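Participant: Right, I'll just put the structure down here and ask away after.
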Amino acid sequence: MKSKIHESHDIIFDWIPYSQFYNIKEIDKGGFAMIKKYSVNNYGSNILRIYGLSQNLNTKEYIMVLEYAEGGNFNNWMNKNNRNFSWLSKLNTLFNINIGLCGEVDNIDKTKIYGVMPYVAPEVLRGKPYTQATDIYSFGIIMYFTAAGRQPFANCPHDKFLALGICNGIRPEVNELEAPKYYIVLMKKCCDQNPENRPNSFEIYESVLQFQNNEIEEQFKEVEEYRKANLLSNENNQSSTHPQADLNYAAGTIDH
Numbered sequence: 001m002k003s004k005i006h007e008s009h010d011i012i013f014d015w016i017p018y019s020q021f022y023n024i025k026e027i028d029k030g031g032f033a034m035i036k037k038y039s040v041n042n043y044g045s046n047i048l049r050i051y052g053l054s055q056n057l058n059t060k061e062y063i064m065v066l067e068y069a070e071g072g073n074f075n076n077w078m079n080k081n082n083r084n085f086s087w088l089s090k091l092n093t094l095f096n097i098n099i100g101l102c103g104e105v106d107n108i109d110k111t112k113i114y115g116v117m118p119y120v121a122p123e124v125l126r127g128k129p130y131t132q133a134t135d136i137y138s139f140g141i142i143m144y145f146t147a148a149g150r151q152p153f154a155n156c157p158h159d160k161f162l163a164l165g166i167c168n169g170i171r172p173e174v175n176e177l178e179a180p181k182y183y184i185v186l187m188k189k190c191c192d193q194n195p196e197n198r199p200n201s202f203e204i205y206e207s208v209l210q211f212q213n214n215e216i217e218e219q220f221k222e223v224e225e226y227r228k229a230n231l232l233s234n235e236n237n238q239s240s241t242h243p244q245a246d247l248n249y250a251a252g253t254i255d256h
């Protein structure tokens, strides 16, 4: 098959021979995959895109090849750019994340917990399978992180006691100086203890559209002024993380 990966208008995914990768460096690890940085011969584009698929000849693991995001993961990007991350940009980011939740979730290994503990839904911590509702819970915690500019539960160990607390209903809090009331209400709905009470992605989309309401828009202007006036305090909060608050671990087994 003729390679068309260099054509910006083309959406065909190529099979990329593993021999074309060099300068391989592991840069992160998530619940579903390990993230590595590769240099690839003769492939390039001016927009972020999926290049194609490949396979590690040694491990036989399949590889999805995407353009490298210079900003790193969302947490690293926030640490570097929170000062200039306005509420307008925050809402655009959340809107794009929500669009990514509009598909079905295939159940993965039900004996493992994937992700960073504060972002994992309580029912998953109890051993229930992943569903779209568990993604909605994670979205609610991302709403907290985006609004507050600090990681949830960063001031305490990410251990079994935190897991028990999450299962018993504790959630990170954001006040109405940091985010509009309407935003906080949506965030709390997404993090509801009962998965059936959480909104679906389409309901979230409709709620986000309501942010353009004049009254709510005025609230966003007010919290943006508060954000600008408290940048130093927010940056200090970002830097104060408990040594056992692990923001990078990927998976743990469930003991039945």
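Mapped onto UniProt numbering, the consecutive letters of the sequence shown carry residue numbers 1 to 256. All residues carry an ideal CB built from backbone N, CA and C; glycine is no exception. This structure is a prediction, so every number in the text was calculated from the model and none was measured.
What's the C-alpha gap between asparagine 175 and isoleucine 184?
Facilitator: Along the sequence shown, read from residue 1 onward, the residue named residue 175 stands at position 175. Along the sequence shown, read from residue 1 onward, the residue named residue 184 stands at position 184. Cα to Cα, the separation comes out at about 8 Å.
Participant: To the nearest angstrom, how far is it from the Cα of tryptophan 15 to the Cα of glutamate 67?
Facilitator: As a position in the sequence shown, residue 15 is number 15, starting the count at 1. As a position in the sequence shown, residue 67 is number 67, starting the count at 1. Between tryptophan 15 and glutamate 67, the C-alpha separation is close to 15 Å.
Participant: What does the Cβ neighbour count give for serine 54, buried or exposed, with the cut at 16 atoms within 10 Å?
Facilitator: Taking the first residue of the sequence shown as position 1, residue 54 is located at position 54. Classification for serine 54: buried.
Participant: Take glutamate 61 and list the residues in its own chain whose beta-carbon comes closer than 6 Å to its own, dropping the five residues that flank it on each side.
Facilitator: Here residue 61 refers to the residue found at position 61 of the sequence shown. Cβ within range, chain order: n/a, list empty.
Participant: Hey, could you find the ends of the beta strand (DSSP E) valine 174 is sitting in?
Facilitator: Translated into the one-based positions of the sequence shown, residue 174 becomes position 174. Neither: valine 174 is in no beta strand (DSSP E) and is coded neither H nor E.
Participant: Please report the distance separating the alpha-carbon of proline 203 from that of glutamine 193.
Facilitator: Your numbering for residue 203 matches position 203 in the sequence shown. Your numbering for residue 193 matches position 193 in the sequence shown. The sequence given here places glutamate at residue 203; proline does not occur at that position. Between glutamate 203 and glutamine 193, the C-alpha separation is close to 18 Å.
Participant: Cα-Cα, which of Tyr137, Asn213 and Glu196 is closest to isoleucine 170?
Facilitator: Here residue 170 refers to the residue found at position 170 of the sequence shown. Out of Tyr137, Asn213 and Glu196, Tyr137 has the C-alpha closest to the C-alpha of isoleucine 170.
Participant: If you draw a straight line from the alpha carbon of asparagine 81 to that of alanine 229, how long is it in whole angstroms?
Facilitator: Against the sequence shown, residue 81 aligns to sequence position 81. Against the sequence shown, residue 229 aligns to sequence position 229. Their Cα atoms are separated by approximately 16 Å.
Participant: Buried or exposed for threonine 146, going by 16 or more other Cβ atoms inside 10 Å?
Facilitator: In the sequence shown, residue 146 corresponds to position 146, counting from 1. The residue is buried, with at least 16 neighbouring Cβ atoms inside 10 Å.
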